[in-house]
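**Q** I'd like to ask some things about the structure below.
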Amino acid sequence: MKKLITNWNNYPIVEASEISFDYEKEIARKLAQASIAHGNGRCYGDASLSSDVVNTLRYDKILAFDEVNGAITCQSGVLLSDLLQVIVPRGWFLPVTPGTKFITVGGAVASDVHGKNHHVDGAFSRHIVSMSVLTGTGETYVCSSNSQPDLFWATCGGMGLTGIILDVKFRLKKINTAYIRQKQIKARNLDEVMNLFQENSDSTYSVAWIDCLQSGKHFGRSILILGEHATVDEVKVEKVLMPKEKALFTVPFYFPSFVLNGISVKIFNALYYAKNYRRAMDSVVHYDGFYYPLDSILSWNKIYGKKGFVQYQFVLPLEASKDGLIDILARIYRRGTGSFLAVLKLFGEQDNLISFPMRGYTLALDFPIRPGLFKFLDELDKIVADYGGRIYLSKDARMKNEIFWKTYPHAHEFKEILANYDPENRFVSRLSQRLTLKP
Amino acid sequence: MEENVLILGATSDMAVAIARQLAIEGYSITLAGRSTERLSVIEGDLRVRHQAMVSSVYFDALDFESHEQFYTNLSERPDIVICVFGFLGDQIEAQNNWAHCQQIINSNYTGAVSALNVIANDFERRKKGMIVGISSVAGERGRQSNYIYGSAKAGFTAYLSGLRNRLYHHGVHVLTVKPGFVKTKMIEDLNTPALLTTSPKIVGKKISRAIVKRKDTIYVLPIWSLIMLVIKTIPESIFKKLRL
């Protein structure tokens, strides 16, 4: 039976047949001719959308947890939020986590997710010991960076196009408490925040919220947020290793689209910036609020209305970052539809086959879908490409294929590996069709 | 020592969710099912997630003859038994193919009766224990779209209520659960209304609460009691004309 499925940004909406599985031997038999794995639907685009999707959420068993060395083996449908419940009380943490914990492990691999510690710890792929993938030939391979590295690297960040990621073993990070020692520093403009990023490059976690609706001397004003795992002495609670689960609030319905406009976003941003009344503020906060501030508002995506939104995330090489950011932020300012959570981050080195990160600055912005938006983003794409940057596929629903081919240097190699492991194109998505990765 | 829960038909989504919830509550758990390979994965998951005491054992609901032996061979007498297995099947297929029809009846009724008879006798002798049966709202009134499954579940519901009546006098409690639509593999092909559909996780939570409160019958979503009330009050002369 066909149903309508979409991802977190509610665009695009696709009519699809959905199957699921909780047993490896069940899936090969049930697989449709052209399908794609779909986890918890938290990506912002069409990477996990197709006319046939394989829902992985029932494939959610944790297979082993090595508490001594800090490694976990689990099926791909396990949510990071579930893993945290298991590992945090026993003194371990995710090596890399994105800004939401409601994603599956399979999704973390397929997007090769990055977090606030990318400049220190790299992306998720760096911590994978091994994983098994059911490929398009019908065979399941166990791969790692040593064994069948071509399959491994085409699967990390490969948007599910090599096949269904089944079981994943990855290393964890030792923690003493569930808390983060946080420092927030206000930056008056873009120059200042970029300097702060460089100065604090040894800080484990760093990210900045940036106000896109300012010009002149406040152009690019930001709040830089730094963090370190707190020690037991720094935490003033009895149980230092408690995970959190409770959400604060659920957005009950889609907001009408007029709610978000230049003025409301400007007010939000002004308040957000003003809440830090001192230039630098130190505090000890629970990891949940530090990594996942938006997870406490369930269904926050509905704020953007029924038409949905796109998240635009790009990265620019370090040497071009400043000129590029000025250029792009100025265009966003002129257009006047800033996004109320724009996030800036300095990545460390990474040069994988198809993963998104590279050394340089990444900026992520949300734009509600309005007439003219896609044309505007096409313009931005060209600028990003001219500066040598690229767009994050997990957040993309509309990039033109020539931009992709121009900006992902190993795209041809990636396509060849896909053809090897999936010669009959059994795994296709809206994204793979749009970017002509598969015929 | 912690109380032990025996889950019959432990590989389904609902069974896994129930097992997870009860493991959180601190019960030790015995998983029973046909696929030992799948049981061992679920067993490992419960150990890692909840540091639970878990074991698994082979059980075939349709092999009626084996049930007595299965129960005697258990290394531990359970304090609570949850009968989760069931089979939706296909109504049209069941109308035309006796083997399929029989499978529906046996999976939802005969197998449960056969297994629970053995357990009920033991609980009655020991004068303690609780039996939880996962029946269905489909058993409340036969509808053309799934009356083979519905009638088997109706039989099971009646069995459980009789059992409750009998065992009450011996200090044994029986809980009937009518889940309504639950997002499991059983209904993955159906487009069910969101307001009437719940998750296995919620079912697990509701059952664990109902066990503590020693409830007799529960609907997982309260709205179902209203819906079933309406469905049951429609006069048969009208009901037969509907396409349900």
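Going line by line, the protein sequences match chains A and B.
According to the numbering used here, the first sequence is numbered sequentially starting from 2.
According to the numbering used here, the second sequence is numbered sequentially starting from 822.
Here a beta-carbon is modelled for each residue, glycine too, at the ideal position from N, C-alpha and C.
1) For the beta strand (DSSP E) that contains B:W1045, what are its first and last residues?
2) Kindly give me the distance between the Cβ atoms of B:F906 and B:A873, rounded to whole angstroms, as I take these residues to be in contact under 8 Å.
3) So that I know if they touch, is there some Cβ in chain A lying closer than 9 Å to that of B:L909?
4) Under 8 Å, CB to CB, which of the residues in the stretch 2-35 of chain A have a partner in chain B?
5) Using CA atoms only, rank isn't needed, just tell me which of A:N177, A:D192, A:T57, A:S77 is closest to A:E239.
6) Within 9 Å of any Cβ in chain A, is that where the Cβ of B:R859 sits?
7) Report the option in B:M1007, B:I850, B:W1045, B:H991 whose CA atom is closest to the CA atom of B:L1016.
8) Under a CB-based cut-off of 9 Å, is A:K102 close to chain B?
9) Suppose you measure from the CA of A:D61 to the CA of A:K439; what does that come to, to the nearest Å?
10) Mapping the DSSP letters down to three states, classify A:H120 as helix, strand or coil.
11) Give the interface partners of A:L64 over in chain B, defined as CB-CB distance under 8 Å, in chain order.
12) What residue from A:Q76, A:V54, A:I14 has the CA that sits closest to A:E25's CA?
13) Going along the chain, which residues of the stretch 67-95 of chain A sit with their C-beta nearer than 7 Å to a C-beta in chain B?
14) Do the stretch 850-859 of chain B and the stretch 876-890 of chain B make contact, defined as three or more Cβ pairs closer than 8 Å?
15) In chain A, which residues lie less than 9 Å from B:N1012 when you measure between Cβ atoms?
16) Using a beta-carbon distance cut-off of less than 7 Å, what residues from the stretch 34-60 of chain A approach chain B?
17) Which residues mark the beginning and the end of the beta strand (DSSP E) in which A:R448 is found?
18) Express the C-alpha separation of A:L261 and A:I129 in angstroms, rounding to a whole number.
19) So the candidates are B:K1061, B:A840, B:N942; which of them puts its Cα closest to the Cα of B:S966?
20) I'd like the span of the alpha helix (DSSP H) that includes B:P1021, first residue to last.
21) If you draw a straight line from the alpha carbon of A:D67 to that of B:V902, how long is it in whole angstroms?
22) Identify the contact partners of B:K1006 in chain A, using a Cβ-Cβ distance below 8 Å as the criterion.
23) Where DSSP assigns a beta bridge to A:I233, which residues make up the other side?
24) Note the first and the last residue of the continuous alpha helix (DSSP H) segment covering A:L326.
25) How many Å lie between B:P1021 and A:T57 at the Cα?
26) Could you compute how far the alpha carbon of B:A979 sits from the alpha carbon of A:T101?
27) Check for me: the alpha helix (DSSP H) holding A:L81 runs from which residue to which?
28) Throw me the rounded Cβ distance for the B:Y968 and B:G1001 pair, which I believe falls under 8 Å.
29) Classify A:K117: buried if its beta carbon has 16 or more other beta carbons within 10 angstroms, exposed otherwise.
30) Taking the runs of the alpha helix (DSSP H) that are 4 residues or longer, which of them lie wholly in the stretch 18-99 of chain A?
31) Taking the beta carbon of B:E961 as the centre, do at least 16 other beta carbons fall within 10 Å, making it buried, or is it exposed?
32) Smallest Cα separation from A:I166: which of A:L95, A:N11, A:I37?
**A** Put simply:
1) Looking up residue 1045 of chain B in the second sequence gives position 224. Judged by DSSP secondary structure, B:W1045 falls outside any beta strand (DSSP E) and instead within the alpha helix (DSSP H) spanning 1044-1054.
2) Here the question's residue 906 of chain B lines up with position 85 in the second sequence. Here the question's residue 873 of chain B lines up with position 52 in the second sequence. The pair is not a contact, with the Cβ atoms about 21 Å apart (cut-off 8 Å).
3) Along the second sequence, read from residue 1 onward, the residue named residue 909 of chain B stands at position 88. No, no contact with chain A.
4) Those residues of the stretch 2-35 of chain A placed with their C-beta closer than 8 Å to a C-beta in chain B are M2, K4, E19, I20, S21, D23, Y24, ordered along the chain.
5) By 1-based counting over the first sequence, the position of residue 239 of chain A is 238. When each option's Cα is compared against that of A:E239, the closest is A:N177.
6) If you number the second sequence from 1, residue 859 of chain B lands on position 38. Contact with chain A is found for B:R859, since one of that chain's Cβ atoms lies less than 9 Å from the residue's Cβ.
7) Position 195 of the second sequence, counted from the start, is the residue given in the question as residue 1016 of chain B. Cα-wise, what sits closest to B:L1016 is B:W1045.
8) Locating residue 102 of chain A in the first sequence gives position 101, where the first residue counts as 1. No, because no Cβ of chain B sits closer than 9 Å to the Cβ of A:K102.
9) Numbered from its first residue, the first sequence carries residue 61 of chain A at position 60. Numbered from its first residue, the first sequence carries residue 439 of chain A at position 438. Roughly 29 Å separates the two Cα atoms.
10) Residue mapping note: residue 120 of chain A aligns to position 119 of the first sequence, counting from 1. Three-state result, A:H120: helix.
11) By 1-based counting over the first sequence, the position of residue 64 of chain A is 63. By Cβ distance, chain B contributes V862, G865, D866, V869.
12) Indexing the first sequence from 1 puts residue 25 of chain A at position 24. If we check each option's Cα against that of A:E25, A:Q76 comes out closest.
13) Result list: V87.
14) As far as the Cβ criterion goes, the stretch 850-859 of chain B touches the stretch 876-890 of chain B, which means the pair count is three or higher.
15) Residue numbering aside, residue 1012 of chain B sits at position 191 when the second sequence is read from its first letter. Neighbours of B:N1012 on chain A, chain order: M2, K3, K4.
16) For the stretch 34-60 of chain A, which is checked against every Cβ of chain B, the residues closer than 7 Å are R59.
17) The structure shown does not extend to residue 448 of chain A, since chain A is modelled only from 2 to 440, so the question has no answer here.
18) As a working mapping, residue 129 of chain A is identified with position 128 in the first sequence. As a working mapping, residue 261 of chain A is identified with position 260 in the first sequence. About 40 Å.
19) Translated into positions along the second sequence, residue 966 of chain B becomes position 145. That would be B:K1061, whose Cα lies nearest to the Cα of B:S966.
20) In the second sequence, counting from the first residue as 1, residue 1021 of chain B sits at position 200. 1021-1033 is the span of the alpha helix (DSSP H), which, as asked, contains B:P1021.
21) Stepping through the first sequence from its first residue, residue 67 of chain A is reached at position 66. Stepping through the second sequence from its first residue, residue 902 of chain B is reached at position 81. Going from the Cα of A:D67 to the Cα of B:V902 covers about 32 Å.
22) Counting from one through the second sequence, the residue named residue 1006 of chain B turns up at place 185. Ordered by position in chain A, the residues that pass the 8 Å Cβ test against B:K1006 are S21, D23, R59.
23) In the first sequence, residue 233 of chain A corresponds to position 232, counting from 1. In the sequence as displayed, the identity of residue 233 of chain A is Val instead of Ile. Looking at the DSSP assignment, A:V233 forms no beta bridge with any residue, so it has no partner.
24) For this step, residue 326 of chain A is matched to residue 325 along the first sequence. Residues 319-336.
25) By one-based count along the second sequence, residue 1021 of chain B stands at place 200. By one-based count along the first sequence, residue 57 of chain A stands at place 56. For B:P1021 and A:T57, the distance between alpha carbons rounds to 15 Å.
26) Taking the second sequence and counting its residues from 1, one reaches residue 979 of chain B at position 158. Taking the first sequence and counting its residues from 1, one reaches residue 101 of chain A at position 100. One C-alpha to the other measures close to 47 Å.
27) In the first sequence, the residue the question calls residue 81 of chain A occupies position 80. Taken as a continuous stretch (DSSP letters only), the alpha helix (DSSP H) holding A:L81 covers 81-88.
28) Residue mapping note: residue 968 of chain B aligns to position 147 of the second sequence, counting from 1. Residue mapping note: residue 1001 of chain B aligns to position 180 of the second sequence, counting from 1. Contact between B:Y968 and B:G1001 does not hold, since their C-beta atoms are separated by about 17 Å, which reaches or exceeds 8 Å.
29) For this step, residue 117 of chain A is matched to residue 116 along the first sequence. Residue burial annotation: A:K117 is buried, with at least 16 other C-beta atoms found within 10 angstroms of its C-beta.
30) Fully enclosed alpha helix (DSSP H) runs of 4 or longer: 25-31, 81-88.
31) Here the question's residue 961 of chain B lines up with position 140 in the second sequence. Buried, because 16 or more other Cβ atoms sit within 10 Å of the Cβ of B:E961.
32) For the purposes of this step, residue 166 of chain A is taken as residue 165 along the first sequence, with counting starting at 1. Among A:L95, A:N11, A:I37, the Cα nearest to that of A:I166 belongs to A:I37.
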